[in-house]
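Asks: The structure that follows is given in the form of structure tokens.
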Amino acid sequence: METNKSTWLESGASQVKEHGLLNRLRELRTEERVGELGKSSDRAVLDEWLGFGVRFAASEGRLEAVYYQALRRLLDCIVPTRGEEPILQEGGVYHGCWLESTGTINAELLSRFLPGVSEATYRSFAAHQREDGMLPYKITAQGAAFRQIQLVTPLARSVWRHYALHGRNRAFLEPMYRAMARYDQWLADNRDTRGTGCVEAFGAFDTGHDLSPRFWHVPDAPYLGDASRFDPDSPVLPFLAPDLTANVYCQRLYLAKMADELGENGDVWRGRARQSLDSLMRHCFDETDQFFYDRDRHDRFVRIQSDVLLRVMACEVGDGELFDTALCKYLLHTRKFFAKYPFTSIAMDDPRYDPHSTYNSWAGPSNFLSLIRAPHAFEHHHRHVELTWAMQPILASFAKAERFAQTVSPWTGDEGYTEAYSPSILCLLDFVERLCGILPTADGELWFTGLVPDARDHGEEVAGETAYGRTVDGVHFELLNRRGVSELYRAGKLHMTFPSGIRIIADRQGELRGLLGMSARTVEGSLSWEGRELPFAVKGNQLLRYAGGQWESERDIGLIYPTYE
Numbered sequence: 003m004e005t006n007k008s009t010w011l012e013s014g015a016s017q018v019k020e021h022g023l024l025n026r027l028r029e030l031r032t033e034e035r036v037g038e039l040g041k042s043s044d045r046a047v048l049d050e051w052l053g054f055g056v057r058f059a060a061s062e063g064r065l066e067a068v069y070y071q072a073l074r075r076l077l078d079c080i081v082p083t084r085g086e087e088p089i090l091q092e093g094g095v096y097h098g099c100w101l102e103s104t105g106t107i108n109a110e111l112l113s114r115f116l117p118g119v120s121e122a123t124y125r126s127f128a129a130h131q132r133e134d135g136m137l138p139y140k141i142t143a144q145g146a147a148f149r150q151i152q153l154v155t156p157l158a159r160s161v162w163r164h165y166a167l168h169g170r171n172r173a174f175l176e177p178m179y180r181a182m183a184r185y186d187q188w189l190a191d192n193r194d195t196r197g198t199g200c201v202e203a204f205g206a207f208d209t210g211h212d213l214s215p216r217f218w219h220v221p222d223a224p225y226l227g228d229a230s231r232f233d234p235d236s237p238v239l240p241f242l243a244p245d246l247t248a249n250v251y252c253q254r255l256y257l258a259k260m261a262d263e264l265g266e267n268g269d270v271w272r273g274r275a276r277q278s279l280d281s282l283m284r285h286c287f288d289e290t291d292q293f294f295y296d297r298d299r300h301d302r303f304v305r306i307q308s309d310v311l312l313r314v315m316a317c318e319v320g321d322g323e324l325f326d327t328a329l330c331k332y333l334l335h336t337r338k339f340f341a342k343y344p345f346t347s348i349a350m351d352d353p354r355y356d357p358h359s360t361y362n363s364w365a366g367p368s369n370f371l372s373l374i375r376a377p378h379a380f381e382h383h384h385r386h387v388e389l390t391w392a393m394q395p396i397l398a399s400f401a402k403a404e405r406f407a408q409t410v411s412p413w414t415g416d417e418g419y420t421e422a423y424s425p426s427i428l429c430l431l432d433f434v435e436r437l438c439g440i441l442p443t444a445d446g447e448l449w450f451t452g453l454v455p456d457a458r459d460h461g462e463e464v465a466g467e468t469a470y471g472r473t474v475d476g477v478h479f480e481l482l483n484r485r486g487v488s489e490l491y492r493a494g495k496l497h498m499t500f501p502s503g504i505r506i507i508a509d510r511q512g513e514l515r516g517l518l519g520m521s522a523r524t525v526e527g528s529l530s531w532e533g534r535e536l537p538f539a540v541k542g543n544q545l546l547r548y549a550g551g552q553w554e555s556e557r558d559i560g561l562i563y564p565t566y567e
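Okay, structure coming up:
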């Protein structure tokens, strides 16, 4: 696409600098940036990426180079496994596809970039479902494995968002719905031995919490490798697990949506979801601490404050008041989980907290799986600004990284255990798009966010000014984030200009629906669109809807600030 010089707003040296970045974005050849393709499947996968026109450019720092290194490593993580279609692999030392991560949240993020691979990944779990209804916890070259359950992000939510984002294909939705309904029954039959309505953990691997103090003195795996049995000699098992129970609660909410969509009675699933929520709050929520804990076989709380809280919140449990409390007391608390590079896997003021990140540990370091699960928890409760306070330091960490690790040091931001790990790769792609890119949502919106990565570590630039491109329904959009102002181009022509610090909310054709305050400050200015000047003032997290030629405040919840006690 050739540059349309009539859209340039400034002249002289600043024009050369600012719009030189836009020119570079347009001239960028993704094929050249990712390097030589290593596998036959890479070409088809890269072609799918190119079809969405996703590109990123930055004026300074290393983030742009790291971005394309991440794409190269992502292609390495997409290979056929027990079938002809390439699916997403966990990456690094993990050879296979895990339901708790690769098959859910990883594929959910990947769906915005490579939907064909995401769909094949989802279908692979249904294809390997056991006759009794159990889904595999992982799929490797050796086959499907059923030793444990390993649930975190609800599969049904990921499947539904893919379905809504990509044409609502019932031929995909229906078999996935049937498989997940059968698995729900398997969990009810095999993981509620105490009759509480909660889902029980039989070992550390059921939740993927390797080395976490949460499971000290508990076996890693279920008894004799049978996911339906726990060690009968354990002094504490089975645990009533809040994250597993919240998973099933959220799973049932989305199964209700699917049932409605397929012409069935979703109220049955909504009733079951209410039962799960009631069990979760009755057995696993401590009113005094305002925290979710396991209960052991003696009905005692296992008082380990871990990222279980973030997991439960990401499963859409509770209202805005409960989430605000979680932010104040824990998630934005610098003695708890809000480290310099958040979010830690164990509260930092717990004496069992271990910050070391050089091995597979959920005993303290920040894990990229926690980071990619976090946005849904924050955005579900409209805490968009607060989420940027976690994304900014992680992008600064990426800008100095040499590999894509599972863990990151909460103190220094240095990469930790393993490399070429798909959750961290997808974290980078996701955070760039949320912070300074173009993000299509399952609700039919496009988000154009006018922020740039902070120069926070030693004052060094992470990216400077940025440009991002994406094609939606055949129309190519480009977002240029400059210092103080952002410019949105549609099909090569200037479509909007607006002050930095806000997010434009549009439909899939780029028509204005509203704007959202994305800064701790009140942003005042004017949005230029289709020959109109639309003055506004918007506070952090405030949503202004555009209707009838004017702004209307739809939501204004204020900010929850970090706690330093």
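Count along the sequence shown from 1, add 2, and you get the number used in the working numbering. Even for Gly, the Cβ is constructed at its ideal location relative to N, Cα and C.
In this structure, does DSSP put residue 255 in helix, strand or coil?
Replies: Taking the first residue of the sequence shown as 1, we reach residue 255 at position 253. Three-state DSSP puts residue 255 in a helix.
Asks: Out of curiosity, what's the CA-to-CA distance linking residue 71 and residue 218?
Replies: Numbered from its first residue, the sequence shown carries residue 71 at position 69. Numbered from its first residue, the sequence shown carries residue 218 at position 216. Each residue's alpha carbon lies about 38 Å from the other.
Asks: Work out the CA separation of residue 28 and residue 492 for me, nearest whole Å.
Replies: Stepping through the sequence shown from its first residue, residue 492 is reached at position 490. Stepping through the sequence shown from its first residue, residue 28 is reached at position 26. Whole-angstrom Cα-Cα distance: 13 Å.
Asks: Would you decide whether residue 138 is buried or exposed? Buried here means 16 or more other CB atoms lie within 10 Å of its CB.
Replies: Start at 1 with the first residue of the sequence shown, and residue 138 comes out as number 136. Counting Cβ neighbours within 10 Å, residue 138 comes out buried, since at least 16 surround it.
Asks: Which whole-angstrom value describes the C-beta separation of residue 188 and residue 135, a residue pair presumed to lie in contact below a C-beta threshold of 8 Å?
Replies: Here the question's residue 188 lines up with position 186 in the sequence shown. Here the question's residue 135 lines up with position 133 in the sequence shown. About 4 Å separates the two Cβ atoms, so the contact holds.
Asks: Grab me the residues of residue 602's own chain with a C-beta within less than 6 Å of its C-beta, minus the 5 sequence neighbours each way, in chain order.
Replies: The structure shown does not extend to residue 602, since the chain is modelled only from 3 to 567, so the question has no answer here.
Asks: Below 7 Å CB to CB, which residues in the same chain sit around residue 369 once its five sequence neighbours on both sides are set aside?
Replies: Within the sequence shown, numbered from 1, the residue matching residue 369 stands at position 367. Excluding sequence neighbours, residue 369 sits near 347, 408 and 409.
Asks: Output needed for residue 251: all residues of its chain with C-beta closer than 7 Å, excluding positions within five of it in sequence on either side, in chain order.
Replies: The residue labelled residue 251 in the question sits at position 249 within the sequence shown. Cβ within range, chain order: 275, 278, 279, 282, 317 and 319.
Asks: So what does DSSP say about residue 483, is it helix, strand or coil?
Replies: As a first step, residue 483 is located in the sequence shown; it is residue number 481 there, counting from the start. It is a strand residue.
Asks: Roughly how many whole angstroms lie between the Cα atoms of residue 504 and residue 558?
Replies: Looking up residue 504 in the sequence shown gives position 502. Looking up residue 558 in the sequence shown gives position 556. One C-alpha to the other measures close to 14 Å.
Asks: How far does the beta strand (DSSP E) with residue 509 in it extend, from its first residue to its last?
Replies: As a first step, residue 509 must be located in the sequence shown, where it is residue number 507. 504–509 is the extent of the beta strand (DSSP E) around residue 509.
Asks: Among 534, 100, 73 and 103, which residue has its Cα nearest to the Cα of residue 115?
Replies: Mapped onto the sequence shown, residue 115 falls at position 113. Closest option to residue 115, Cα to Cα, is 73.
Asks: Which ranges would you report for the alpha helix (DSSP H) in the stretch 70–95 if only whole runs of at least 4 residues count?
Replies: Segments of the alpha helix (DSSP H) lying fully in the stretch 70–95: there are none.
Asks: Can you tell me the Cα-Cα spacing of residue 441 and residue 146, whole angstroms?
Replies: Within the sequence shown, the letter at position 439 stands for residue 441. Within the sequence shown, the letter at position 144 stands for residue 146. Whole-angstrom Cα-Cα distance: 34 Å.
Asks: For the stretch 429–445 against the stretch 369–388, are there 3 or more C-beta pairs whose distance is under 8 Å?
Replies: Flag = yes, the stretch 429–445 and the stretch 369–388 touch.
Asks: Give me the residue from 47, 44 and 60 with the minimum Cα distance to residue 30.
Replies: Position 28 of the sequence shown holds residue 30. Per the Cα distances, 60.
Asks: Does residue 544 come out as helix, strand or coil in the three-state DSSP assignment?
Replies: What you label residue 544 is simply residue 542 of the sequence shown in a count that begins at 1. Of the three classes helix, strand and coil, the one that applies to residue 544 here is coil, per DSSP.
Asks: Report the partner residues of residue 537 according to the DSSP bridge assignment.
Replies: Reading the sequence shown from its first residue, position 535 is the one you call residue 537. Answer is 528.
Asks: To the nearest angstrom, how far is it from the Cα of residue 261 to the Cα of residue 175?
Replies: As a position in the sequence shown, residue 261 is number 259, starting the count at 1. As a position in the sequence shown, residue 175 is number 173, starting the count at 1. Going by the C-alpha atoms only, they are around 10 Å apart.
Asks: Quick one: give me the first and last residue of the alpha helix (DSSP H) that residue 372 is part of.
Replies: Taking the first residue of the sequence shown as 1, we reach residue 372 at position 370. Taken as a continuous stretch (DSSP letters only), the alpha helix (DSSP H) holding residue 372 covers 370–382.
Asks: Starting from residue 552, trace the beta strand (DSSP E) in both directions and tell me its first and last residue.
Replies: Residue 552 sits at position 550 when you count from the first residue of the sequence shown. Taken as a continuous stretch (DSSP letters only), the beta strand (DSSP E) holding residue 552 covers 552–557.
Asks: Between residue 171 and residue 179, is the Cβ-Cβ spacing less than 8 Å?
Replies: As a first step, residue 171 must be located in the sequence shown, where it is residue number 169. As a first step, residue 179 must be located in the sequence shown, where it is residue number 177. No, they are not a contact pair.
Asks: Label residue 338 either buried or exposed according to how many other C-beta atoms from any shown protein chain fall within 10 Å of its C-beta, with 16 as the threshold for buried.
Replies: Working through the sequence shown from its first residue, we reach residue 338 at position 336. Per the 10 Å Cβ criterion, buried.
Asks: Per DSSP, which one or two residues make a beta bridge with residue 286?
Replies: For the purposes of this step, residue 286 is taken as the residue at position 284 of the sequence shown. Paired residues: none, contrary to the question.
Asks: For residue 296, which beta-bridge partners are listed by DSSP?
Replies: Here residue 296 refers to the residue found at position 294 when the sequence shown is read from its first residue. Partner(s): 304.
Asks: Measure the Cβ-Cβ separation of residue 563 and residue 336 and say whether it is below 8 Å.
Replies: Along the sequence shown, read from residue 1 onward, the residue named residue 563 stands at position 561. Along the sequence shown, read from residue 1 onward, the residue named residue 336 stands at position 334. Contact: no.
Asks: Bridge partners of residue 562, per DSSP?
Replies: Against the sequence shown, residue 562 aligns to sequence position 560. Paired residues: none, contrary to the question.
Asks: For residue 467, which residues in the same chain have their Cβ closer than 8 Å to its Cβ, ignoring the five residues on either side in sequence?
Replies: The residue given as residue 467 occupies position 465 in the sequence shown. Cβ neighbours of residue 467 beyond the five flanking positions: 20, 23, 60, 61, 62, 454, 482, 483, 484 and 485.
Asks: Out of curiosity, what's the CA-to-CA distance linking residue 143 and residue 79?
Replies: Translated into positions along the sequence shown, residue 143 becomes position 141. Translated into positions along the sequence shown, residue 79 becomes position 77. Straight-line Cα distance between these residues: approximately 13 Å.
Asks: Helix, strand or coil for residue 7? Go by DSSP, reduced to three states.
Replies: Here the question's residue 7 lines up with position 5 in the sequence shown. For residue 7, the predicted structure reports a pLDDT of 29, less than 50, and the residue's modelled location is therefore unreliable. The matter cannot be settled from this model.
Asks: Considering just the uninterrupted stretch of the beta strand (DSSP E) at residue 447, what are its terminal residues?
Replies: Locating residue 447 in the sequence shown gives position 445, where the first residue counts as 1. Run containing residue 447: 447–451, per the beta strand (DSSP E) assignment.
Asks: Where does residue 474 sit, in a helix, a strand or coil, going by DSSP?
Replies: By one-based count along the sequence shown, residue 474 stands at place 472. Three-state DSSP puts residue 474 in a strand.
Asks: Relative to the C-alpha of residue 550, which residue among 515, 521, 533 and 528 is closest?
Replies: Here residue 550 is taken as the residue at index 548 of the sequence shown, counted from 1. Nearest C-alpha to residue 550: 515.
Asks: Please state the DSSP three-state secondary structure of residue 413.
Replies: Residue numbering aside, residue 413 sits at position 411 when the sequence shown is read from its first letter. The answer is coil: DSSP assigns residue 413 none of H, G, I, E or B.
Asks: Could you give the DSSP three-state label for residue 199: helix, strand or coil?
Replies: Residue 199 sits at position 197 when you count from the first residue of the sequence shown. Residue state, collapsed to three classes: coil.
Asks: Which of helix, strand or coil does DSSP assign to residue 107?
Replies: Locating residue 107 in the sequence shown gives position 105, where the first residue counts as 1. It is helical.
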